[in-house]
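K.L.:
Here's a structure for you.
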Amino acid sequence: MAIEELGTAIHEKVRGLVGEEAGLAILGTRGQVLWSSMHEDRLSLAREITRRFSSLWNEGDYYVSASEEERLVVIKATENVCLALSARAREGLMLLTLRSIISSFSQALREAGEGIEAIGEEEIDIWPLLVLEPDSGRELKVVPHDAVLSLSEPSGSKVIRLDERVLAIIRAVDGKTVAAIADEVGMGVEEACRLIAELVEAGILRAKVKEMLKPDFNAVFSLAPGVSLEGAMRLANELGQAAKIAVANLDRGYSVLELSWGLRGLGLDIKPDELLDVLRRLEDRGLIRRVM
Numbered sequence: 638m639a640i641e642e643l644g645t646a647i648h649e650k651v652r653g654l655v656g657e658e659a660g661l662a663i664l665g666t667r668g669q670v671l672w673s674s675m676h677e678d679r680l681s682l683a684r685e686i687t688r689r690f691s692s693l694w695n696e697g698d699y700y701v702s703a704s705e706e707e708r709l710v711v712i713k714a715t716e717n718v719c720l721a722l723s724a725r726a727r728e729g730l731m732l733l734t735l736r737s738i739i740s741s742f743s744q745a746l747r748e749a750g751e752g753i754e755a756i757g758e759e760e761i762d763i764w765p766l767l768v769l770e771p772d773s774g775r776e777l778k779v780v781p782h783d784a785v786l787s788l789s790e791p792s793g794s795k796v797i798r799l800d801e802r803v804l805a806i807i808r809a810v811d812g813k814t815v816a817a818i819a820d821e822v823g824m825g826v827e828e829a830c831r832l833i834a835e836l837v838e839a840g841i842l843r844a845k846v847k848e849m850l851k852p853d854f855n856a857v858f859s860l861a862p863g864v865s866l867e868g869a870m871r872l873a874n875e876l877g878q879a880a881k882i883a884v885a886n887l888d889r890g891y892s893v894l895e896l897s898w899g900l901r902g903l904g905l906d907i908k909p910d911e912l913l914d915v916l917r918r919l920e921d922r923g924l925i926r927r928v929m
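The working numbering applies: residue 638 is where the sequence shown begins, and numbers increase by one.
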């Protein structure tokens, strides 16, 4: 069964069980979108949940996210496929629906998983991250300098302070990166990363990056038992600024992928695979350990 046919068939069944407004997504376990009828915001969250947790799950394991308006349930359907369902329905009914879908379409879902392409770069939504800049002691909310920006779709009233710098950024947005916009408006890259983070958080702008997605990029590290933050940072500094900043932010529970975004938001040029190599060197020295 072709993926379009499969997605349409599942969506029709879901709508009949949990409501006409239900959204569905069929995802690869790295967050690849195979088919979706879901709103972009909910799809972005479903993809992040899948990327972060699916490698830890067995088939049938699931995650529930609830808001005032609706629930989102992500479940591991097969070894290579997850299903995401958003609806204004009870959690129990949504889980029952998804399990029924998995049972009814088990062979088609497995075939869909077998057809997923090998690992490659994918464009994914990003969100602002709060990171500590150890040299200054400042906590800054940033987006990576290589994020590509676009105007967000209106979704209600937004309140944000507009000054000349913010207006200049908004006018310059046209599929450019944060760094390119900073250069165009005559602003430092780090300052642009902070200001644009505010606009993304307010829903004015949308930010995406192209990343190579690998299961190890979902890894989370913490300080090793008995190691002080000051001691770890002093020794990490021998490996460079990226290692020092990464150690300073381990207590935030960020994945390797998220940490790389934070470091790039502070002006460093480091991709997840490069950061993972740095973290493994720190792990070999006994300074940190992998906790997820």
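For each residue, glycine too, the CB sits at the ideal point set by N, CA and C.
Report the rounded CA-to-CA distance for leucine 913 versus leucine 887, giving the unit in angstroms.
P.N.:
Here residue 913 refers to the residue found at position 276 when the sequence shown is read from its first residue. Here residue 887 refers to the residue found at position 250 when the sequence shown is read from its first residue. When rounded, the distance between both Cα atoms is 13 Å.
K.L.:
Can you tell me which of the three DSSP states glycine 653 falls into?
P.N.:
In the sequence shown, residue 653 corresponds to position 16, counting from 1. If DSSP states are grouped into helix, strand and coil, glycine 653 belongs with the helices.
K.L.:
Is the separation between the beta-carbon of isoleucine 738 and that of arginine 684 shorter than 8 Å?
P.N.:
Residue mapping note: residue 738 aligns to position 101 of the sequence shown, counting from 1. Residue mapping note: residue 684 aligns to position 47 of the sequence shown, counting from 1. Not in contact: isoleucine 738 and arginine 684 (Cβ atoms no closer than 8 Å).
K.L.:
Could you tell me the distance, in whole angstroms, from the CA atom of phenylalanine 742 to the CA atom of tyrosine 699?
P.N.:
Residue numbering aside, residue 742 sits at position 105 when the sequence shown is read from its first letter. Residue numbering aside, residue 699 sits at position 62 when the sequence shown is read from its first letter. Answer to the nearest angstrom: the Cα atoms are 18 Å apart.
K.L.:
Is the CB-CB distance between leucine 894 and glutamate 848 below 8 Å?
P.N.:
Start at 1 with the first residue of the sequence shown, and residue 894 comes out as number 257. Start at 1 with the first residue of the sequence shown, and residue 848 comes out as number 211. A contact, by the Cβ cut-off of 8 Å.
K.L.:
Could you check the C-alpha separation between isoleucine 907 and arginine 652 for me, to the nearest Å?
P.N.:
In the sequence shown, counting from the first residue as 1, residue 907 sits at position 270. In the sequence shown, counting from the first residue as 1, residue 652 sits at position 15. Looking at the two C-alpha atoms, the distance is approximately 43 Å.
K.L.:
Is valine 837 helix, strand or coil when you go by DSSP?
P.N.:
Along the sequence shown, read from residue 1 onward, the residue named residue 837 stands at position 200. It is helical.
K.L.:
Which residue's Cα is closest to the Cα of glutamate 776: Glu706, Glu748 and Gly902?
P.N.:
In the sequence shown, the residue the question calls residue 776 occupies position 139. Ranking Glu706, Glu748 and Gly902 by Cα distance to glutamate 776 puts Gly902 first.
K.L.:
What separation, rounded to the nearest whole angstrom, lies between the Cα atoms of leucine 664 and leucine 680?
P.N.:
Locating residue 664 in the sequence shown gives position 27, counting from the first residue. Locating residue 680 in the sequence shown gives position 43, counting from the first residue. Roughly 10 Å between the two C-alpha positions.
K.L.:
Ends of the beta strand (DSSP E) at glutamate 706?
P.N.:
Taking the sequence shown and counting its residues from 1, one reaches residue 706 at position 69. Premise fails: glutamate 706 is in no beta strand (DSSP E) and is neither H nor E.
K.L.:
Could you give the distance in angstroms between the alpha-carbon of isoleucine 882 and the alpha-carbon of glycine 868?
P.N.:
Position 245 of the sequence shown, counted from the start, is the residue given in the question as residue 882. Position 231 of the sequence shown, counted from the start, is the residue given in the question as residue 868. Cα to Cα, isoleucine 882 sits roughly 13 Å from glycine 868.
K.L.:
In three-state terms, what does DSSP make of alanine 819?
P.N.:
Position 182 of the sequence shown, counted from the start, is the residue given in the question as residue 819. Helix, per DSSP.
K.L.:
Would a C-beta distance cut-off of 8 Å place valine 710 and glutamate 728 closer than the cut-off?
P.N.:
Against the sequence shown, residue 710 aligns to sequence position 73. Against the sequence shown, residue 728 aligns to sequence position 91. Yes, Cβ-Cβ distance for valine 710 and glutamate 728 is below 8 Å.
K.L.:
Measuring straight from C-alpha to C-alpha, what distance separates aspartate 910 and phenylalanine 858?
P.N.:
Looking up residue 910 in the sequence shown gives position 273. Looking up residue 858 in the sequence shown gives position 221. Distance between the alpha carbons of aspartate 910 and phenylalanine 858 is about 15 Å.
K.L.:
Between leucine 872 and aspartate 783, what straight-line distance do the alpha-carbon atoms span, to the nearest angstrom?
P.N.:
Numbered from 1 along the sequence shown, position 235 holds the residue referred to as residue 872. Numbered from 1 along the sequence shown, position 146 holds the residue referred to as residue 783. Spanning the two alpha carbons is a distance of roughly 29 Å.
K.L.:
So, is serine 897 buried or exposed, given that buried needs 16 or more other C-beta atoms within 10 angstroms?
P.N.:
Counting from one through the sequence shown, the residue named residue 897 turns up at place 260. Serine 897 should be labelled buried.
K.L.:
Alpha carbon to alpha carbon, how far is lysine 851 from glutamate 649?
P.N.:
Taking the first residue of the sequence shown as position 1, residue 851 is located at position 214. Taking the first residue of the sequence shown as position 1, residue 649 is located at position 12. Near 32 Å, if we compare the C-alpha coordinates of glutamate 649 and lysine 851.
K.L.:
With burial defined as no fewer than 16 other Cβ atoms inside 10 Å of the residue's Cβ, what is the status of valine 780: buried or exposed?
P.N.:
Taking the sequence shown and counting its residues from 1, one reaches residue 780 at position 143. That one is buried.
K.L.:
Have a look at the DSSP bridge pairing and note the partners of alanine 844.
P.N.:
Indexing the sequence shown from 1 puts residue 844 at position 207. Note: alanine 844 sits in a beta bridge opposite Leu786.
K.L.:
What are the residues that DSSP puts in a beta bridge with glutamate 776?
P.N.:
Counting from one through the sequence shown, the residue named residue 776 turns up at place 139. Paired residue(s): Leu769.
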